[in-house]
Amino acid sequence: MNEYEVMVKNTPCNFMIKNSLQKKIFLETYGCQMNEYDTELIQAILAKENFAFVKDELEADIVILNTCAIRENAHRKVYGRIHDIRHNRRNGHSLPAGRQVDKPVMIGILGCMATNLRTDLLENRNLKIDFIAGPDSYKKLPDLIREAAKTGEKTFDLTLSEFETYSDIYPARKDGVNAWIAVMRGCNNFCTFCVVPYTRGRERSRSLDNIVEEVKRLTGDGFKQVTLLGQNVNSYRHDEADFATLIEEVSKVNGLKRIRFTSPHPKDFPRRLLKVIAENPKACKHIHLPLQSGNDRVLDVMNRTYTQKEFLDLVTEIRTLYPTMVLTTDIIVGFPTETDAEFKDTIKVMREVEFDSAFIFKYSERKGTIAEKKFPEDVPEAIKTERIVGLNEIQKAISLKKNRAQIGETHAVLIEEESTERSKTDFQGRTDGNKVVIFPAGNFKKNDFVNVHITDATVNVLKGRVVSS
Ligand code: 5AD
Ligand code: SF4
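Take the sequence shown: its letters are residues 0 to 468, numbered as in numbering that gives the first Met the number 0.
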């Protein structure tokens, strides 16, 4: 699972059920890290108000879906889930014994889909949902839920704010290894394919002091790594502070070992930021640099505001400063009007840069975007499939080559969990460059640092053994 793939995650919480009056919530998260982070905010907000979280959907009085709208399959999944949740509460269907209960349930739709599909969610009578809240309305959730329960009417708040950063809320984090922390929200870039500026509103940054305070509290809670999140982190700005200053200040927090961030925009990448990433020992040596397309005309109609040459120059500059910087990217194939020859430019850039990994997506028209209005879909599905399959093959070979090049090296690895790939006797962690490493479990535990000697590699993971801790 890559970081941008639409994922579904049930999010149980540490808050215990305190009394029988507490309403039990089952919360499911779709989409990106910002949504995972928002789920932690939502849990913190609701736990203060006599709500508790359960792991079993059928035990819940309320099911909340924190949704994503970035690509089509995300919202299809959610519509399917709404139907299933209702279905599982009705008697008389032939589901496996015990997997259906005759107990009422309220359903809430949160996140990007809530703002993106607001008309359908509000007006479609076949969609049995009870409350709807957009990404800036989570503080109103307790009231929205209570009001919907009292009146039986759908309640909603989809206002987007120029100010909301949730800086006064300490999220209910459970992971214990990496802490997400949103440093800015929203986006002003309006890439023509992207729904985010409409679903999450305008860019706004949290204050540097407030972020540093939260990181101090996090290290007090045992976290060694933070990931600074924003739709466009290199435009972080608060008073005099820019993103480079933010990394410098966060890095001064005692106990913090690693700072990750995602995602920067390749346009106007501040040179000082590059230097800070390259030189600050706590800044991880991985930059996710979304290319989207390698062709100048396509980049222009996507409104990416850089050219192939500018992108390649930036990569050269990064590698001059730090030759082994891990670079990953996002690509969209089949943007409307993209010709075969133009697509070949994307292949050319992929071969030239040799990203460590790439998340490659078929273009999917999103409601309300500039592309939806200006560029009707004209690349046939079969061509999109051909392009994505071809590009994935090319990337797989590059990823394998890059990963195999690390065989024989020793990397500091922060242990995240028991490996999901092999047996329970393996651990899994990440290198500074964000590569997943699997190694036999020893006398270590989650959140420990170990030095792992790399002995093998596949397209997706490195394998090795611990040489010291
Ligand atoms: N269609 C396909 N991919 C998209 N992305 C964003 N919007 C779309 C869309 N409409 C991809 C971009 C972005 C990543 C988060 O998702 O590559 O960088
Ligand atoms: Fe979307 Fe572009 Fe903003 Fe990223 S930078 S969130 S792709 S509009």
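Even glycine gets a Cβ: it sits at the ideal position worked out from N, Cα and C.
Requested in this report: Could you tell me whether any non-hydrogen atom of the ligand 5AD is closer than 8 Å to the CB of Tyr-362?
Outcome: True, at least one ligand heavy atom lies under 8 Å from that Cβ.
Query raised in the report: Can at least three beta-carbon pairs, one atom from the stretch 202-216 and one from the stretch 231-251, be found at a separation below 8 Å?
Result: As far as the Cβ criterion goes, the stretch 202-216 touches the stretch 231-251, which means the pair count is three or higher.
Query - Other residues of its chain near Val-458: CB distance less than 8 Å, five sequence neighbours each side excluded - result: Excluding sequence positions up to five before and after Val-458, its CB lies within less than 8 Å of the CB of Lys-395, Ser-398, Leu-399, Asn-402, all in the same chain and listed in chain order.
Query raised in the report: Could one say the Cβ of Arg-303 lies closer than 9 Å to chain B's Cβ atoms, at least one of them?
Result: Chain labels in this structure do not include chain B; a single protein chain is all it has.
Query raised in the report: For the stretch 51-136, which segments carrying the alpha helix (DSSP H) assignment without a break, of at least 4 residues, lie completely within its bounds, in sequence order?
Result: The stretch 51-136 contains these whole alpha helix (DSSP H) runs: 71-86, 111-115, 117-122.
Report task. With a threshold of 8 Å, establish whether the CB of Val-182 neighbours any heavy atom of the ligand 5AD. Result -> No, the Cβ of Val-182 stays beyond 8 Å of every heavy atom of the ligand 5AD.
Query raised in the report: Mind checking whether the beta-carbon of Ser-262 lies closer than 8 Å to any heavy atom of the ligand 5AD?
Result: At least one heavy atom of the ligand 5AD sits closer than 8 Å to the Cβ of Ser-262.
Query raised in the report: In terms of alpha-carbon separation, which member of Asp-241, Asp-135, Arg-257, Tyr-235 lies closest to Gly-221?
Result: The closest CA to that of Gly-221, considering only Asp-241, Asp-135, Arg-257, Tyr-235, is found on Arg-257.
Requested in this report: Name, in chain order, the residues that DSSP records as bridge partners for Ala-456.
Outcome: Ala-456 pairs with Leu-461.
Query - Those residues, in chain order, that have a beta-carbon closer than 6 Å to some heavy atom of the ligand SF4 - result: Selection output, chain order preserved: Cys-186, Asn-188, Phe-189, Cys-190, Cys-193, Val-195, Pro-196, Gln-230, Asn-231, His-264.
Requested in this report: Kindly list the residues whose CB is nearer than 8 Å to the CB of Val-348, restricted to its own chain and excluding five residues on each side of it in sequence; keep chain order.
Outcome: So the qualifying residues of the chain are Leu-290, Gly-293, Gln-307, Phe-310, Leu-311.
Requested in this report: Between the Cα of Asp-339 and those of Val-352, Pro-379, Glu-371, spot the shortest distance and give me the residue it belongs to.
Outcome: Looking at Val-352, Pro-379, Glu-371, the one whose alpha-carbon comes closest to that of Asp-339 is Pro-379.
Query raised in the report: Under the criterion of a Cβ to heavy atom distance below 8 Å, does Pro-375 qualify as lining the ligand 5AD?
Result: False, no ligand heavy atom lies under 8 Å from that Cβ.
Query raised in the report: Leaving out the 5 sequence neighbours to the left and right, which residues in its chain are closer than 6 Å to Leu-217 when beta-carbon positions are compared?
Result: For Leu-217, the CB contacts under 6 Å within the same chain, skipping 5 residues up- and downstream, are Ala-178 in chain order.
**Report entry** Contained beta strand (DSSP E) runs [length at least 3] in the stretch 426-456, N- to C-terminal order
**Finding:** List check, beta strand (DSSP E) in window: 435-439, 448-456.
Requested in this report: Could you tell me if Ser-262 is buried or exposed, where buried requires 16 or more neighbouring beta carbons within 10 angstroms of its beta carbon?
Outcome: Buried: at least 16 other Cβ atoms inside 10 Å.
Query raised in the report: Ala-181 bridges to which residues according to DSSP?
Result: Ala-181 is bridged by DSSP to Leu-228.
Requested in this report: Spatial neighbours of Val-314 within its chain, please: CB distance less than 8 Å, with the 5 preceding and 5 following residues excluded, ordered by chain position.
Outcome: If we look at Val-314 and ignore the five residues flanking it on each side, its Cβ neighbours are Leu-288, Leu-326, Val-352.
Requested in this report: Verify the contact flag: Phe-354, CB atom, against every heavy atom of the ligand 5AD, threshold strictly below 8 Å.
Outcome: Result no, Cβ not under 8 Å from the ligand 5AD.
Query raised in the report: Given that a residue counts as buried once 16 or more other Cβ atoms are within 10 Å of its Cβ, and exposed if not, what is Asp-377?
Result: Asp-377 comes out exposed.
Query raised in the report: Since Ile-24 sits in a beta bridge, which residues does DSSP pair it with?
Result: Partner(s): Phe-52, Ile-61.
Report task. Please report the residue range of the beta strand (DSSP E) in which Ser-206 lies. Result -> Premise fails: Ser-206 is in no beta strand (DSSP E) and is neither H nor E.
Query raised in the report: So does the stretch 58-69 actually touch the stretch 190-200, counting three or more Cβ pairs closer than 8 Å?
Result: By the criterion of at least three beta-carbon pairs nearer than 8 Å, the stretch 58-69 is in contact with the stretch 190-200.
Query - Near the ligand 5AD: Pro-335 beta-carbon under 8 Å from a heavy atom - result: Every heavy atom of the ligand 5AD is 8 Å or more from the Cβ of Pro-335, so no.
Requested in this report: Please say whether Leu-40 and Pro-141 have beta carbons closer to each other than 9 Å?
Outcome: Not in contact: Pro-141 and Leu-40 (Cβ atoms no closer than 9 Å).
Query - Other residues of its chain near Thr-336: CB distance less than 7 Å, five sequence neighbours each side excluded - result: Residues Val-300, Phe-374, Asp-377 of the same chain have their beta carbon placed closer than 7 Å to that of Thr-336, with the five preceding and five following residues left out of the count.
Query raised in the report: Just to confirm, does Phe-310 get its C-beta within under 8 Å of one of the non-hydrogen atoms of the ligand 5AD?
Result: The closest heavy atom of the ligand 5AD lies 8 Å or more from the beta carbon of Phe-310.
Query raised in the report: Is Val-195 helix, strand or coil when you go by DSSP?
Result: Of the three classes helix, strand and coil, the one that applies to Val-195 here is helix, per DSSP.
Requested in this report: Following the continuous alpha helix (DSSP H) through Asp-312, name the residue where it begins and the one where it ends.
Outcome: It spans 307-320 - the alpha helix (DSSP H) in which Asp-312 sits, taken as one unbroken run.
Query raised in the report: Is it buried or exposed for Val-176, if we count other Cβ within 10 angstroms and need 16 for buried?
Result: By the 16-neighbour rule on beta-carbons within 10 angstroms, Val-176 is buried.
Query raised in the report: Is there at least one non-hydrogen atom of the ligand 5AD closer than 8 Å to the beta-carbon of Cys-111?
Result: No.
Query raised in the report: Around the C-beta of Glu-56, are 16 or more other C-beta atoms found within 10 angstroms, so that it is buried, or is it exposed?
Result: Glu-56 sits buried, since 16 or more C-beta atoms from the chains shown fall within 10 Å of its C-beta.
Report task. Return the Cβ separation of Ala-147 and Thr-154 in integer angstroms, given the expectation that the two are a contact with Cβ distance under 8 Å. Result -> Rounded to whole angstroms, the Cβ separation of Ala-147 and Thr-154 is 4 Å, and the two are in contact under 8 Å.
**Report entry** Which of helix, strand or coil DSSP assigns to Met-15
**Finding:** Low confidence applies to Met-15: its pLDDT is 43, below 50, so where it sits in the model is not reliable enough to give any reading.
Query raised in the report: How many angstroms separate the CA atom of Cys-186 from the CA atom of Tyr-197?
Result: Those two C-alpha atoms are separated by around 9 Å.
Query raised in the report: With 16 as the cutoff for other CB atoms within 10 Å, does Lys-450 come out buried or exposed?
Result: Correcting the residue identity first, residue 450 is Asn in this sequence and not Lys. Exposed is the call here.
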